[in-house]
Amino acid sequence: MLEVLETIEAMRAAAREWQRQGHRIALVPTMGSLHQGHLALVDQAHREADRVVVSIFVNPLQFGPNEDLVRYPRTFDQDRARLEEGAACALFYPSAQEMYPEGRSQTIVVVDHLSRILCGVARPGHFAGVTTVVAKLFNIIEPDVAVFGEKDWQQLTIVKHMVRDLNSPVRVVGVPTVRETSGLALSSRNKYLSLEQHEAAPALYRGLLRAQEHWRAGERDREVMRQVVTDSITAVGISCEYVAVVDPDTLSESPRTLSGPTLIALAAHLGKTRLIDNILLEETQD
Ligand code: AMP
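Sequential numbering of the sequence shown, starting at 739, is according to the numbering used here.
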């Protein structure tokens, strides 16, 4: 049975009661418009804990003034129906008024440096909005585990740092990106794409796979790798915001000659729609 909880008080009471009964709680924070990627997080959460809470909250704090807060897809009835079929036992669905009774939050949680690079360049304030709402959710629910998607690698890294820096007793777990058969990473924002854009969008992952082929063939030049990805994307007329070749833990730019695990992360624009993707390259032992 999926319980829908709309107030902080009710959510906190339910979570406290589960804790009292000795249950472990896993939290899956989302903005709704749920797809198989979100459901993979719910499955992982269920492997980590016996009580799974999914939150659906389109967090105004993480949208810039010219971003898509108003048109962000909201499909609550469908989301609830999807969750009823899965392992979640509670859906936390607060209003903006419930989460920010004063309109804005005076207290902002910022993971300083990591929030200003990569996606943070084009989206100032975005990650501060994310970490602030995630910190609030952690305080409301007090989960043992929180599950995030690797599709948003920078977000996952930032949340891991926040937990470490603030000594939060929450274990942060990442889940691999779920993709369409075309390779396109599932995203609520894919709904914005026209048919034509949807056909072009798999070029993002194709570019990352091409880089992976080069990596496996022994290529270790950062700029060659970056160019391989950029060329694949721009070849189909997609405009690249950035392609970065970085250390997967620190997100700092890799040295010119790559060694050890390497993340290639990108953001691109198809019309007004901004999509992100990434791939982790690791040394294989053969
Ligand atoms: P969102 O609702 O877009 O804020 O995403 C909520 C959570 O789902 C985040 O932790 C995302 O990283 C994760 N997520 C979104 N898309 C995918 C995907 N295609 N595969 C795996 N996780 C995803």
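Beta carbons are placed, not taken as given, at the ideal position from N, Cα and C, and that holds for glycine.
Next on the checklist: If I measure Cβ to Cβ from LYS874 and keep anything under 7 Å in the same chain, skipping five residues before and after, which residues do I get?
Outcome noted: Within the sequence shown, residue 874 is the residue found at index 136, counting from 1. Same-chain partners within the cutoff: MET837.
Checklist entry - Skipping 5 residues on each side, what residues in its chain have a beta carbon closer than 6 Å to that of VAL848? => result In the sequence shown, counting from the first residue as 1, residue 848 sits at position 110. Result list for VAL848: ALA866, in chain order.
Next on the checklist: Judging by CA-CA distance, which residue of ARG812, VAL868, PRO803 and VAL791 is the nearest neighbour of ASN797?
Outcome noted: For this step, residue 797 is matched to residue 59 along the sequence shown. Here the closest residue by C-alpha is VAL868.
Checklist entry - Can you tell which of GLY921, ARG809, ILE846 and SER926 has the C-alpha that lies nearest to the C-alpha of ALA938? => result For this step, residue 938 is matched to residue 200 along the sequence shown. Checked all of GLY921, ARG809, ILE846 and SER926; the closest Cα to ALA938 is GLY921.
Item to check | Given 8 Å, three or more beta-carbon pairs between the segment 904-911 and the segment 927-945 | outcome: no
Checklist entry - Just how far apart, CA to CA, sit VAL983 and LEU777? => result The count along the sequence shown starts at 1 and reaches residue 983 at position 245. The count along the sequence shown starts at 1 and reaches residue 777 at position 39. Each residue's alpha carbon lies about 29 Å from the other.
Item to check | Distance between ARG754 and TRP891 (C-alpha atoms, nearest Å) | outcome: The residue labelled residue 891 in the question sits at position 153 within the sequence shown. The residue labelled residue 754 in the question sits at position 16 within the sequence shown. If you take the alpha carbons of TRP891 and ARG754, they lie about 31 Å apart.
Next on the checklist: Between the alpha carbons of ARG820 and MET739, how many angstroms are there, rounded?
Outcome noted: Taking the first residue of the sequence shown as position 1, residue 820 is located at position 82. Taking the first residue of the sequence shown as position 1, residue 739 is located at position 1. For ARG820 and MET739, the distance between alpha carbons rounds to 12 Å.
Checklist entry - My guess is that VAL766 and VAL910 are in contact by the Cβ rule of under 8 Å, so how many angstroms apart are they, rounded? => result Numbered from 1 along the sequence shown, position 28 holds the residue referred to as residue 766. Numbered from 1 along the sequence shown, position 172 holds the residue referred to as residue 910. In fact, because the Cβ distance is near 12 Å, the residues do not count as touching under 8 Å.
Checklist entry - VAL847 by DSSP, collapsed to three states: which one? => result In the sequence shown, the residue the question calls residue 847 occupies position 109. Coil, per DSSP.
Checklist entry - Tell me, which residues are paired with PRO767 by DSSP? => result In the sequence shown, residue 767 corresponds to position 29, counting from 1. DSSP, once it has assigned bridges, lists SER793 as partnering PRO767.
Checklist entry - So, ARG1067 versus HIS761, is the Cβ gap smaller than 8 Å? => result Nothing about residue 1067 can be reported from this structure: the residues present for the chain run from 739 to 1024 only.
Next on the checklist: Under DSSP, the beta strand (DSSP E) around ASP1015 begins and ends at which residues?
Outcome noted: As a position in the sequence shown, residue 1015 is number 277, starting the count at 1. Here the beta strand (DSSP E) through ASP1015 covers 1011-1019.
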